[in-house]
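For the sequence shown, the positions run -27 to -1, 1 to 553 when mature numbering (1 follows the signal peptide of the UniProt record, and there is no 0) is used. We put the beta carbon where it would ideally sit given N, CA and C, even for glycine. In what follows, a structure is listed as structure tokens, so that the remarks can point back to it.
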Amino acid sequence: MSKKIHLRRNALVAAAALTLMASTALGAPATAAPNPNAPGQSNKNQNQPTTTIELVGINDFHGRIEANGAEAGAAVLAGAVKEYKSKNRNTLFVSAGDNIGASTFTSFSQQDNPTIDALKAAGLDASAVGNHEFDGGFDDLLNRVIPRYGDGNAEAGADYALGANVYAKGTKTPALKEYTLKKLNGVTVGLIGTVTDQTASLVTPAGISGLDFGDQLEAANRVAAQLSDGKKSNGEADVIVLLTHEGSSTSDCAAIGAEDTSYGDLIRGATGKIDAIISGHTHVGYSCSYPVDGWAAGLERPVMQAHQYGTTLDTLKISVAKKHKKIVGLEGGLVSLTTIASDGTTVPRFTPVPKVATIVEAALAQAEVVGAEEIGAISADITRGGTNGSDRGVESTLGNLVADMHLWATSNEDFGGAPTQIAFMNPGGLRADLLFGTDGTVTYKDAASVQPFGNTLFTMDLTGAQIKAVLEEQWQPEGSSRSKLHLGISEGFTYTYDPDAARGAHITSMSYQDEPIAEETVFHIVTNSFLAAGGDNFFTFAEGTNVADSGQIDLVAGIEYFQSHTLVDPAPLGRAQIDQ
């Protein structure tokens, strides 16, 4: 999807920056002084010359190759990598997965090939596989994505889709490369990749029907044991780093260390042979460190995640005694790729790499060509509220249609999760009308202009009482620039309201499939990631339970909806009615 400057995305970026600042404060860099009691260390290591190995990492890049606010873009990301590698040639650039998928139109419209090319040109050395790498199915990953990383060579490209817990169906036979070894100044670094074991519920089932996604902890510990068993025939590493496409939903290091989740189990249960954990999947920034059983006092394992979309880099320094190849120091942290100038604008902290900038420019040009391609047709104008979308406080055919699209995307037979029942769409997320013109043709660019923010679709459970609270939040807080933001809602859900009622008492009835909604009834709903986080003062969404990222970008859902429907009509008005 094409993106310019978007106020709503900028609000998310600002929130992301606050999250990052909080994570830095809560998760201090993981540091360790030499300790003779630590595994593999002895007094003779303390005064030995050392080699400093560095890793810089990203996660959940999602094809954000063009710059957009705090999203630095691929050329600036490449500049950061170049600077780190120029200062220390013993530096690796790694990713914890989801390099592609849920991408902006520029990359999505070209099967994410520009992202693959840009990351390779930026110097990416290895990557865990993420759930979005399976968006096109396993065959696409195996026969197109991986070979492209390897410049046509599937074996060379295997380092960019590491998945130690991905197996052939019904077996423990690895379906992907489990690890890779990188030698830096005599030190062998082992990189193990794993992906969330929930992947099967996040992608189209048909595309991964021949795979099982196993327990990450078991897989990571198994491979780490192999890489440290003294047998050169099955690979040996002096340093082992886990790249996991799994993470925490909080930046609070104390909470992360204690959380009762599969990720919590992973960071607590990872064998002491794993020296650091670089994470992804949850799009949260944090840099933490935790003690490990059997390690010396003062030596803690770094655990980190670099937020999302190329806004941030993980940084990991590992000091290794040259003579005995034993770790004598660890330090983890996060570095933002942009900063705020004195005039309030966002500027890059690193110099863009021209070669990568050229790849991005070519992709943008091709996206303009692709944008002219037809994806469907409409029977009449489908518009936002008011004149040219100026009134976000009224029901609109476009708002209701996009809600229908999101409901369809998370309830059709190709959807891997639990089918949703109700969808909500914010009016500010609709940036253009769909106009019939001369023949009703709808192009890629038309669809991208309607939903330009690249939000993903989130599913969650809300009670009837919470849904009512969401609807009440359409009447914005005192002092807001708009007094009301009317949500688009999907077919099958209706409500009545009193526009003159007191705050908190506007909604007079709600129905689902013509049946009244009880306060205690639980519904499985879908909305975009902006609203799911409580955006536009719709705070109740953030209180939902069983929250999950569906793995679908809103634009893609819209495009696939058009491609699956011969002719699209304006969604009817009247789903929200004034109580007479």
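Counting every other CB atom within 10 Å of its CB across the protein chains shown gives Gln536 a total below 16, marking it as exposed. Inter-residue distance for Gly130 and Val168 is about 17 Å (C-alpha atoms, whole angstroms). The alpha-carbon separation between Ile240 and Ile462 amounts to approximately 40 Å. Distance from Gly401 to Leu458 at the Cβ level is roughly 7 Å; contact confirmed, criterion being Cβ atoms closer than 8 Å. Arg548 sits in coil when the DSSP states are folded into three classes, being neither helix nor strand. Pairing Val276 with Ser252 gives a Cβ-Cβ distance under 8 Å. Look at the segment 430 to 499 and you find these whole runs of alpha helix (DSSP H), each 4 residues long or longer: 437 to 445.
In this structure, Ala350 lies near Leu540, with their beta-carbon atoms less than 8 Å apart. By the 16-neighbour rule on beta-carbons within 10 angstroms, Ala141 is exposed. If the five residues before and after Ala330 are omitted, its C-beta is found closer than 6 Å to the C-beta atoms of Ala48, all from its own chain and listed in chain order. Contact annotation, Asp90 with Gly74: C-beta distance approximately 16 Å; criterion of less than 8 Å not satisfied. Per DSSP, the continuous alpha helix (DSSP H) segment holding Ile532 begins and ends at 527 to 537. Excluding five sequence positions before and after Ala173, the CB atoms of its chain that fall closer than 7 Å to its own CB belong to Ile181, Phe186, Gly389, given in chain order. Put simply, the backbone Cα of Lys145 is about 28 Å away from that of Val265. C-alpha of Asn158 to C-alpha of Ala210: approximately 13 Å in a straight line. Closest in C-alpha terms to Ser384, from the list Leu175, Pro321, Phe34, comes Leu175.
When secondary structure is reduced to three states using DSSP, Glu128 falls in the helix class. Rounded to the nearest whole angstrom, the C-alpha separation of Pro325 and Asp509 is 34 Å. The three-state secondary structure of His254, taken from DSSP, is coil. Gly372 is classed as buried because its beta carbon has at least 16 other beta carbons within 10 Å across all chains shown.
Counted as a single uninterrupted DSSP element, the stretch harbouring Val118 is not any alpha helix (DSSP H), since DSSP gives it neither H nor E. If you keep only unbroken beta strand (DSSP E) runs of at least 3 residues inside the segment 178 to 252, you get 184 to 186, 212 to 218, 249 to 252. At the C-beta level, Val196 and Ile229 stay beyond 8 Å of one another.
DSSP, reduced to helix, strand and coil, places Val320 within a strand of the structure shown.
Within the segment 44 to 91, the complete beta strand (DSSP E) runs of at least 3 residues fall at 64 to 68.
With fewer than three CB-CB distances shorter than 8 Å, the segment 499 to 515 does not count as touching the segment 403 to 423.
Secondary-structure assignment with DSSP links Met277 through a beta bridge to Ile251, Ser260. Around Tyr470, the same chain offers Leu444, His479, Ile480, Thr481, Ala549, Gln550, Ile551, Asp552 as residues with beta carbons nearer than 8 Å, after the five sequence neighbours per side are excluded. If you look at Leu540, you'll find it isn't in any beta strand (DSSP E); DSSP assigns it neither H nor E. Within the same chain, Cβ atoms closer than 7 Å to the Cβ of Leu337 are found at Glu39, Thr79, the five residues on either side in sequence being excluded. Selection Ala51, Thr24, Ile31 evaluated against Pro327 yields Ala51 as nearest (Cα-Cα). Judged by DSSP in its simplified three-state form, Ala420 adopts helix. Between the beta-carbon of Ala243 and that of Leu215 there is about 7 Å, and that keeps the pair under the 8 Å contact cut.
Looking from the CA of Leu374, the closest CA among Ala544, Arg62, Gly136 belongs to Ala544.
Its chain contains Thr513 as the residues whose beta carbon lies nearer than 6 Å to that of Ala442, once the 5 sequence neighbours on both sides are disregarded; these appear in chain order. Boundaries of the beta strand (DSSP E) harbouring Thr285: 285 to 294, taken from the DSSP string.
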